[in-house]
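Scroll down for the structure; my scribbles are underneath it.
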Amino acid sequence: MVPLSWYILLSAVMFSIGVFGFLSRRNLILIFLSLELMLNSVNISLVAFSHYLQSMRGQILVFFIITVAAAEAAIGLAILIAFYRNNPTIKVDEINLMKG
Amino acid sequence: MLKYILIPLLPLIAFIINILFGRNFIKDKAHWIAVPAVACSFILALSAFMNVASGNVININVYNWIVSGTFTVTIGFLIDQLTAIMLIVVTSISTLIFIYSIGYMHGDKGYYRFFSYLSLFVFSMLILVMANNFLLLYFGWEAVGLCSYFLIGFWYEKKSAANAGKKAFIVNRFGDFGFGLGVILVFLTYGSLEYTQVFSDAGSIAGQTINIFGSDVDLITLICLLLFCGAVGKSAQMPLHVWLPDAMEGPTPVSALIHAATMVTAGVFLVARCNPLFSLSHTAMNTVAIVGGVTSIFAASIGLVQNDIKRVIAYSTVSQLGYMFLALGVGAYSAGIFHLYTHAYFKALLFLGSGSVIHALGNEQNMQKMGGLKKYMPVTYAVFVIATLSITGIPGLSGFFSKDEILWRAYSSGELGKVLWLLGTIVALMTAFYSWRLIFLTFHGKFRGTHEQEHHLHESPKVITVPLMFLAFGAIFAGYAGIPPLILEHGDKIGEFLGPVLGHPHGEGSHLEEIMVMMTSVLVAVGGWYGAYIMYVKKPDMPLEAVSKFTPLYNLLFNKYYVDEIYDKVFVKPTLKMSDKVVLGFFDVKIIEGIVNGVPNLVGAFSKKFREIQTGMLSNYGLVMALGALCIIGYVIFLK
Amino acid sequence: MENVILNQLNYPVLSYTVFLPVLGALLLLFMRNTAMIRWTTLLVTMATFVISLPLLTNFDKTTYKMQFVERHQWIPSWSINYFIGVDGISVLFVFLTTLLSILCVLVSWKAIENKVKEFHIAILTVEAAMTGVFISLDFFLFYIFWEAMLIPMFLLIGVWGGPNRVYAAIKFFLYTLVGSVLMLVGIIVLYFAGGNTLDILTLGTVHYPVKLQFWLFLAFFAAFAVKVPMFPVHTWLPDAHTEAPTAGSVILAGVLIKMGAYGFLRFSMPMFPDAVRFFMTPMLVLSVIGIVYGALVCLAQKDLKRLIAYSSVSHMGYVTLGIFALNSQGMEGGILQMLNHGIITGALFLMIGIIYERTHTRVIADYGGFATLVPWYAGLFIILTFASIGLPGTNGFIGEFLVLFGAFKAQKLFGVLAATGVILGAGYMLWLYQRVFFETPNPNWGPGHHPLWDLDLREVITLAPLFALIFVIGFYPEVFLSYMHPTVENLLKHINTHAFAGEGLIAKHLMEIF
Amino acid sequence: MDMANYLFEMTMIMPEITLICVGLILLLLDLAVKKKEVIAVVGIAGTLVALYATYKLYIFNQPQNVFAGMFVLDGYSNFFKLIFYINIILTICISLKYMTIEKSSFGEYYALILFATTGMMFMASAADLIILYLGLELMALSTYILAGLIRKQPRSNEAALKYFFLGAFSSAFLLYGISLTYGMTGTTNIKEIAVALQSLNIVDNPIVFLGMIFMIVAFGFKIALAPFHMWAPDVYEGAPTSITAFMSVGPKAAGFAVMGRVLFESFGAMQLQWNSILIPIAVITIAVGSIIALAQTNIKRMLAYSSIAHAGYMLLGIIAGTADGLTSTVNYLMIYMFMNVGAFAVVISLRREGFQGENLEDYMGLAKKHPVTSALMLVFMFSLTGIPPTAGFIGKFYVIMEAVNSGHMYLAIIAVMFSVVSAFFYLRIVMYMYMKDPKEEVTLTSSSSLNFALAVTTAMVIILGVFPSFLLNLVRSSIAG
Amino acid sequence: MSTPQLFFAYFAVMMTGLSLMVVTRKNPVHSVLYMLILFAHIAALYLFLNAEFLAAIQIIIYAGAILVLFLFVIMMLNLRKEETEKRFQKQWPLGIGIGVVLAVFLIMIVGKIAVIAPLGPYSIDAVRSDGHIMTVGKVLYSEFLLPFEIASLILLVAVVGAVVLAKRKIE
């Protein structure tokens, strides 16, 4: 048997990589991808918990997370496009119209 | 009872009427209000005197003034022998000077103001002498100071006058500072401020000490010295004498009334009034005597070389006041009061006489620019001579009796007394010298003023000369109230009269000694005259030679021992400088305001710095969030 | 309710006094005509004054108890009540407040020309709030009034003030706010320590642990000392006084800064008797420093209003000195001195406002010889000068003497040091008077240059009540002293019996704290 | 599941259903009706219906758990719903004219406000972390869109973008936290978590703690607690002003609702632990909000920082950790809504065609021309400062009282000291309005709905300041009962 | 090491590697493609954990819908010059630092995690007997009805939002 902790550790590492991506990339789309990576890492841990706890809740939550992720993607990319129309850049370090 | 209350009240009413309506309605009729008021006061005072003379002591409480906890003080009047004499002195001289002022102040644009202030002064002075408790005394004390301020600065458009008024008030405040504390200490000690109670309990605290600033001080001595502080200020004793010569900026009647006859003697009155307390403390008594003695010689020496006619008289006043304190200090209270009484007349006379001169010369006060006035102003000259004879102590005139009394008392009161007597005798010599010098410079020789002045020279009008004559009468005969027992058994009427209040001091010493003292003083009086005569009539060049010979000494005296300059350098300037540069400029502006403004500025600077964290880049925001989360995890899970 | 006397009049006199001005302010909202606004405000303030007079006439001077008390439930969940009443101390300040408000309206008659409506609304609300502070018997209510006052005051200074008004207004606001918020925390702590109540009278009977008393005293000190203002937190005052319009200065000097001292009397004394006894010496030290410091700074001032402002620091030093002497003379003197200062300095600011309207300068050097130019004005000013110096016969003397007496009785050293302020006081006031009124008239003024005119009727009427009070108190202080006797005696008894006593105990607690 | 029970459960979510239906109606109505006023009125009417439904549901004394324990209807949630309703109404009132000026008055705008609010209501009623998450996402997604609704304006785009990315980032943290909690306790039900913590004896378990921390991070993001506040100023500045007002109240309140519920009900046993996190957070939040606001020149941005600081004050009630503490927080929220929306209403009234009216300088001399508006702004500013007799004081008084009561004296002192700092920037507005001369003529845009909102907020700020008893009783009975 | 463990090891290594590839590639399209592979692995892992339904929707929704949307946007924005510019921001070292520290923290805390809560009724056998989809369905439409409804609402909002924000015509 694979111990539960292995899954959780995998999830933790992927989460950290996602965080790294979110903080380091310049391209907004890649930042978005990093976010998805974080969500997926959570999903992995949830499914693993669900499996080991013999409970359905985790998997249901994953289901909802995927749903929300889809909605998020739609809205996020829509925002991105709306933004891109006015400011033709998606470099995160060029987006600082408002600061201070 | 009402009539006693009216004594001070009448002048007050006169004041109120004049000050409110004087400007627009009464104008140059102001004396019609003031003179009758003060004259009535005089009459009422006489009746009070009669009443007292018949053995009654009047003590009335009008109403409770301040009540706070156990502290109660009333508005109340005590008319005993001492007060009665003071009443007579004050009201009589006031009346005369009021009348004199009608002529002297005629045409001044502040005529109504002058009379209202003068009335207010009389009111205050009467409150001062009539009070039956220390606080009301203090009231009068301050109020006369106020009037003095107004009257010195009467011609306020003159900077020197304004300055002098202010100086007088502030210097007096130094004395009052001690006086006020003394009053407080009296209450704390005796539980009352009423004279009768305090004096009857006076002895009960003999020998008690009080811990003040860490050292034990004899309580009664402390009280006396504090009270004496007030006296020093008001009576212009060293070291607070500096205001009085400057006070001559005021109109001459003011100098006569306030700065010669009445107000300045308040200190003497105070010490005499508190004699039951002072008698308990040798230290205090000696202090009084020494201060008096030193002041008298100090002031007299300055008077020797002054050229301003009023200033000479002013220094003479200071010197004579010193005499009175000397008397008080050796326990001769009645002698002090006696001298106060006689001095009031001859000194007022001197001042008014000089006023007459100044008036005639168109406000010239420098004696070097006078001379030979004898023939133009015979009446003035005559009264001047009378006053001078009196002050120098020529037998037969008032001054002789009181002065002799003081000298004898001093001589007969122990070793310190002998020293003081010597001092007093020297002062008498000086007094004679400068008094005669004044007369010779002013009335003898040739006129040294301008032609125009000479053209206008004339004797003063009746309204001025008549009061002079009355005063001259006083200057001659007032002294007969206190003929020494040596000369006339029971001649010392005034001493006996004051006995119930001031006690009956008896010096030790033989008749022979007494006669010797008397002869000495007569001798020095004549000696002074002779000296002055030689120097200013016979050999008019001599003074200049003397000056060139003793230049440093002359300068020292002429500049009044540089006391004013020293005070200015040591107290006034540093205080002003400190308040401006240190307290305000450094402490208030730099330190306190620095902190007050510095903290907000610091916060503002923080604000400017911290807002830079907000870079506008969302990754930075995410970074801060993640960092925050990490810190929390690290802090709570790993550190705790 | 055994320690209060309910309102015996058939109308809620205190509520009327507080809320009539508020009502007036609301009324003003709907007015446009400036003359009407002025008259309405004047009438409202006068009506308030008249309404408040029964407080003095019907006052029972034989008891220390709260009188004219009204009590209604307000916020039951915090057991907070609308609880108001006056005792022998506060009744005097209600009188002073309502009186000065009238004068403030009068003196602003011509001086205020822009935003007239807002100005009068501010005056009325500040009057209401100040009255409220003095009559509140519930801490919450008190704090509301205490803080609410800041808003109109802030505007008064900041909108109608002098050239540097904005700085002054903000400084005033923040300065006082710092103190007040600390007091707020103190109030909340008291709420829990005193058994979940904010009733001032009840809180005054609770025995708090000594340690708690210390901290609470300090928290309250923060608020009150700033308001008084005591050295070294006085620096808002010169700016605020100087920049405020005349009415604002009068309110500030007349009433507002009394609240600090009032706070000490009403709260610190009964609630923290041990702390009060412990902090007595430090408080006396600060007071004496305030007296001398304020006076010295006055000597260096070149600005008329600033000088008077600093003289307030000095005079308020006497107030706190007297209060913390902890004996009846000192305390009564302190209270009387508060009134006196309100009257004298209030009048001084009125006077300065009056002359400022003519000259538009506050620099002392620009004046000179005004006794010749405006003699009546000069005459009245000299009265104030001497009242301020504390000349017998004026009210200033009574207060100052009692304070010095009390201080000397309590601790001789402080009595002596404080008395030096008397000398300095004479120095700066007389020097000021000389520079403004004496010597030859400054050529800037007078016919042909800048016309000056003497007091007119409105101004005389404005000033008259204050001058009357100066002499009334000077010659017969019992008029006001008699109100405070029982209250002060009771307060002192309370401090003496309620304190845990034992210096050793205090010292022990102190060791624990530090 | 029988029908009756099903109907009962549906009744319980009637307010939410109402809002959703109204939202849908608005979407459809937008196609048919040109006048946006109609849509606004329908939206408000729908909100009132929902309010009525909530009012009707107040009859239950006991908390009602429905949908398999996923949804709870209790006084706590009902009170939050009350806040949300008022927030909707006020927001719509201040939006109407403003969104027209911004040329973004879409029907969807109103619908999205309703949807976002529905999300908040689900959050307030969430008895399960799943509902909590979904409600939060519903709210968040709607507000992302709302923030970016002025599509032509780069600032609005950028606001939406930042809000979206950071929001999603924080959601990931939330999910990670939920997953850990789920893994340790085997449940996502809020009540059952508390039971499991006790029964499994894992109160001190670091994994549970970690899960909780991640959740606090996410909640902190929604509430804008430092250091998770960074988005707030930018988003508040860029979003349409009406939405800024909406966001500064709604999501914040919802965040507090879930935070209060999760911390008190799930992690009640771990109060010491979460307090050790929240106390420094509260201090930093208050400090950052108050200090950085000083340097701002844009009023929306300044109010954003002010809202951060206020979040810190509200947190004090949670830190107190008692029902009273929670009450104080909720009370503060209610009051904060009125004063904050009121302030934003004034800000909005300065906006007109071709003039942003967001700079502090624009307020110079406002009192000269517009005394009434200035007076109202003055009231709001003093209320935000916490000066009596305004409601802001009552709010602050209560939280500080609870902080003191729970023994956090130093927190109380820090809080009041920073309220002095904050006074400075609120005062600056007043100063600009009353004590400066106008630089240029400012004409105000006003409309009856905006005036209505101003009137209501002002009235409430003053009434609640003077007679807070009604509100206090309501909050108390809601939360205790 | 048992076979499942070996399997897991493979997945772990691959997924970590793929994740790193996703976040480090210069070309976004490459990243998306790496992501695609990652998702396939995740789906496989779900299968491994007996979550067939989730594996399916992972592929269908995540890979099929969401990633395609990403690709679509990348194409639409036509980010050519992307490849010539820096891929990381200035703060990337901090990013790495935080990522590493976070990973270390998480590993230290959750490293020893084990199931301690009582087990639920959905054992592998129980799920197998009904089939995973059916089991999920049953739970979803009874116990998790309300969340399901809310999720639908979220999708609605997404649709509305996407339209409002991205539609061409303004005014």
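Chains as they are written, first to last, in the numbering used here: chain A, 1 to 100; chain B, 1 to 640; chain C, 1 to 514; chain D, 1 to 481; chain E, 1 to 171. A virtual CB, placed ideally from N, CA and C, is assigned to each residue, including glycine.
{"Item": "If we count the other Cβ atoms within 10 Å of its Cβ and call it buried at 16 or more, is methionine 104 (chain A) buried or exposed?", "Value": "Residue coverage of chain A in this structure runs from 1 to 100, which leaves residue 104 (chain A) outside it and unanswerable."}
{"Item": "How would you label aspartate 216 (chain B), buried or exposed, when you count the other beta carbons within 10 angstroms and need 16 or more for buried?", "Value": "exposed"}
{"Item": "Glycine 482 (chain B) bridges to which residues according to DSSP?", "Value": "B:Asp492"}
{"Item": "So which residues on chain D does glycine 97 (chain E) lean against when the C-beta distance must stay under 9 Å?", "Value": "Near glycine 97 (chain E) there are no residues of chain D at all, since even the closest Cβ is about 16 Å away, more than 9 Å."}
{"Item": "Along the stretch 9-34 of chain A, where does the CB come closer than 9 Å to a CB of chain E? Name the residues.", "Value": "Leu9, Leu10, Ser11, Ala12, Val13, Met14, Phe15, Ser16, Ile17, Gly18, Val19, Phe20, Gly21, Phe22, Leu23, Ser24, Arg25, Arg26, Asn27, Ile29, Leu30, Phe32, Leu33, Ser34"}
{"Item": "Keeping to the same chain, check which residues put their C-beta closer than 8 Å to that of alanine 269 (chain D); ignore five residues upstream and five downstream.", "Value": "Ala194, Leu197, Gln198, Val203"}
{"Item": "For alanine 426 (chain C), which option in B:Gly165, B:Phe586, B:Ala34, B:Phe384 has the closest C-alpha, if you only look at C-alpha atoms?", "Value": "B:Gly165"}
{"Item": "Chain A partners of arginine 128 (chain E), CB-CB under 7 Å?", "Value": "Residues of chain A passing the Cβ test: none, with the nearest at roughly 12 Å."}
{"Item": "By the 9 Å beta-carbon criterion, what residues does the stretch 472-483 of chain C contribute toward chain B?", "Value": "Phe475, Tyr476, Pro477, Glu478, Leu481, Ser482"}
{"Item": "Please work out which residues of its chain come closer than 6 Å, Cβ to Cβ, to isoleucine 178 (chain D), disregarding the five sequence neighbours upstream and downstream, and give them in chain order.", "Value": "Leu129"}
{"Item": "What did DSSP end up calling glutamine 337 (chain C) once you bin it into helix, strand or coil?", "Value": "helix"}
{"Item": "State yes or no: is the beta carbon of isoleucine 188 (chain C) nearer than 7 Å to at least one beta carbon in chain D?", "Value": "yes"}
{"Item": "List the endpoints of the continuous beta strand (DSSP E) containing aspartate 216 (chain B).", "Value": "215-218"}
{"Item": "What whole-angstrom Cβ distance do isoleucine 389 (chain C) and glycine 396 (chain C) have, given they're in contact under 8 Å?", "Value": "7 Å"}
{"Item": "Could you name the residues of the same chain whose beta carbon sits closer than 7 Å to that of proline 54 (chain C), not counting the 5 residues immediately before and after it, in chain order?", "Value": "Leu9, Val13"}
{"Item": "Is there contact here, the stretch 32-45 of chain A with the stretch 41-57 of chain E, by at least three beta-carbon pairs under 8 Å?", "Value": "yes"}
{"Item": "Using a Cβ cut-off of 7 Å (strictly closer), state whether arginine 273 (chain B) contacts chain H.", "Value": "You won't find chain H in this structure, because its protein chains are A, B, C, D and E."}
{"Item": "I'd like to check one pair, glycine 22 (chain B) with tyrosine 112 (chain B): are the Cβ atoms closer than 7 Å?", "Value": "yes"}
{"Item": "In three-state DSSP terms, what is lysine 90 (chain E)?", "Value": "coil"}
{"Item": "Is it buried or exposed for leucine 180 (chain D), if we count other Cβ within 10 angstroms and need 16 for buried?", "Value": "buried"}
{"Item": "I need the straight-line Cα distance from proline 552 (chain B) to glycine 331 (chain B), nearest angstrom please.", "Value": "38 Å"}
{"Item": "Where DSSP assigns a beta bridge to threonine 72 (chain B), which residues make up the other side?", "Value": "B:Val67"}
{"Item": "Using beta carbons (cut-off 7 Å, strictly below), is phenylalanine 84 (chain D) in contact with chain C?", "Value": "no"}
{"Item": "Do you know offhand how far glutamate 171 (chain E)'s Cα is from alanine 50 (chain D)'s?", "Value": "Here the model assigns glutamate 171 (chain E) a pLDDT of 48, short of 50, so the residue's position is not dependable, and the following value carries that caveat. Between glutamate 171 (chain E) and alanine 50 (chain D), the C-alpha separation is close to 32 Å."}
{"Item": "In chain B, which residues lie with their C-beta within 9 Å of the C-beta of glycine 76 (chain A)?", "Value": "Here the premise fails: no neighbours, minimum Cβ distance about 12 Å."}
{"Item": "Rounding to the nearest angstrom, what Cα-Cα distance links threonine 3 (chain E) and isoleucine 88 (chain D) in this structure?", "Value": "58 Å"}
{"Item": "List, in chain order, every chain B residue whose beta-carbon is nearer than 7 Å to that of asparagine 96 (chain A).", "Value": "Thr615, Gly616, Met617"}
{"Item": "Which residue wins for smallest C-alpha separation from methionine 337 (chain D), given the options D:Ala415, D:Leu31, D:Lys81?", "Value": "D:Lys81"}
{"Item": "According to DSSP, is glutamate 171 (chain E) part of a helix, a strand, or is it coil?", "Value": "Note on glutamate 171 (chain E): pLDDT 48, under 50, position unreliable in the model; the coordinate value appears next. DSSP places glutamate 171 (chain E) in coil when its eight states are reduced to three."}
{"Item": "Please decide whether valine 2 (chain A) counts as near chain E, where near means a Cβ-Cβ distance under 7 Å.", "Value": "yes"}
{"Item": "Checking contacts by CB at 7 Å: is serine 68 (chain B) closer than that to chain C?", "Value": "yes"}
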